[in-house]
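Taking the numbering used here as reference, the numbering of the sequence shown is continuous, increasing by one, and the terminal residue is 283. The beta-carbon is built from N, C-alpha and C at its ideal position, and this holds for glycine as well. This report refers to the structure that appears directly beneath it.
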Amino acid sequence: MMQSGNYRRVSVCTTLLVLLGVVAGCSGPQPETLPPPSGNQSHYQAMEMPSGSAGQQIRLGKLIFDETPKYASAYVGNRLSCSDCHVQSGTAAYAAPMIDMANIFPMYNKRAGRVISMQERFQECFVRSENGRPLPMDSREMKALTAYVDWLSRNGVKGKPYKGRGFVKVSELTGDPVKGKTVYATQCAGCHGVDGAGVPPVLPPVWGPGSYNDGAGMNNPQKTAAFLLHNMPQNHPGTLTAQDAFDVAAFLHTMPRPRFNPAYKSY
């Protein structure tokens, strides 16, 4: 989790996650074979959006995606945007891209224990990653986000997943939070601060009240490590060792963050 709002974040050395924080690269052999880092997805830029009311709806959805606390403030409880985890406005491969996402719903959601719609998945993100409350189904924000992701899915083929779906697959390692703290202090604090608060909306917070809550997907160290390994640092993505990524993820997992609201446990 941008030279439009989103690219700006990564260009300085961006996100978490959920959200998620930047770890500057380390030299040394790479134990995982990773796909090449992806650049901007040029065929998903604003210039390709339709004109008229349909285009306005899509553009609003992208604004909400890129600067969520600003454009969906009534439903956000922290200082993160969707683009902090779904890099480059949701178009970067292996950074949880939204491309072709509309074509995989409805789908079974293990956490919810049922089949959910794409809109219900958005609600889940708002109560967890955004530490807020669910978007009403008929809200302006929900309609705009749906329009944007539908547009990103326009060239998809039902039943054929987008090649860069989710995060890279990594072998599970044991992270050392003590080592991770050292890496963070030397490589990450310059952007995200010694207090992890970042500089929103340019650089996202990686822990504390402005970050995702403990019910978010990024509160899983393996997911965090997979995100970091392929996407960080932004100027040299893919240069971290898997162990570095797991160590930093383990450190971030020990740091304080908001508690998930149990009233939203169905999401």
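Rounded to whole angstroms, what is the Cα-Cα separation between V210 and R127? Going from the Cα of V210 to the Cα of R127 covers about 33 Å.
At which residues does the alpha helix (DSSP H) containing V131 begin and terminate? Run containing V131: none in the alpha helix (DSSP H); it sits in the beta strand (DSSP E), R130 to I132.
Bridge partner(s) assigned by DSSP for N125: R130
Are the beta-carbon atoms of Y280 and V143 separated by less than 8 Å? yes
With a cut-off of 8 Å, do at least 3 Cβ pairs link the stretch 89 to 104 to the stretch 162 to 179? no
Residues near M6 by beta carbon distance below 7 Å, same chain, minus five either side: Residue numbering for the chain in the displayed model covers 17 to 283; residue 6 lies beyond these limits and cannot be assessed.
Considering only the alpha carbon of each residue, which of L161, G206, A109 and A112 lies closest to G88? For the record, residue 88 in the displayed sequence is Ala; it is not Gly. If we check each option's Cα against that of A88, L161 comes out closest.
In three-state terms, what does DSSP make of L219? strand
Between the C-alpha atoms of S187 and Q61, what's the straight-line distance to the nearest angstrom? 34 Å
If you draw a straight line from the C-alpha of P217 to the C-alpha of F81, how long is it? The straight-line gap from Cα to Cα measures roughly 12 Å.
Using a threshold of 8 Å, state whether the C-beta atoms of S105 and P122 are closer than that. no
Validate contact between the stretch 103 to 118 and the stretch 240 to 256 using beta carbons, cut 8 Å, 3 pairs: yes
Alpha carbon to alpha carbon, what distance is there between S67 and N236? 40 Å
State the Cα-Cα distance for the pair Q139 and K159, rounded to the nearest angstrom. 12 Å
If you measure between the beta carbons of F183 and D230, is that distance less than 8 Å? If you check the CB distance, F183 and D230 do not come in under 8 Å.
Can you say whether M117 is buried or exposed, counting buried as having 16 or more other CB atoms within 10 angstroms of its CB? buried
Thinking just about the alpha-carbon of each residue, which of G233, H208 and I115 is nearest to the one in G180? I115
When you compare only the Cα positions, how much space is there between T190 and L268? 14 Å
Using C-beta distances below 8 Å, list every residue in its chain close to G71, excluding the 5 sequence neighbours before and after it, in chain order. If we look at G71 and ignore the five residues flanking it on each side, its Cβ neighbours are M65.
In the structure shown, what three-state DSSP assignment does V264 receive? helix
Indicate the three-state DSSP secondary structure (helix, strand or coil) for K281 in the structure shown. coil
Expected contact under 8 Å - CB spacing of V194 and D260 to nearest Å: Between V194 and D260 the beta-carbon gap is near 13 Å, outside 8 Å, which marks them as no contact.
Is it right to say M153 is buried, meaning 16 or more other beta carbons lie within 10 angstroms of its own, or is it exposed? exposed
Relative to the C-alpha of M234, which candidate in V264, V131 and S155 has its C-alpha closest? V264
Report all residues from its chain with a CB closer than 7 Å to the CB of D192; omit the five preceding and five following residues, and keep chain order. D263 and A266
Proximal residues to N147 (C-beta, below 6 Å), its chain only, five neighbours per side dropped: G93, N94, N229 and P274
Give me the residue from G226, S69, L79 and P150 with the minimum Cα distance to P278. P150
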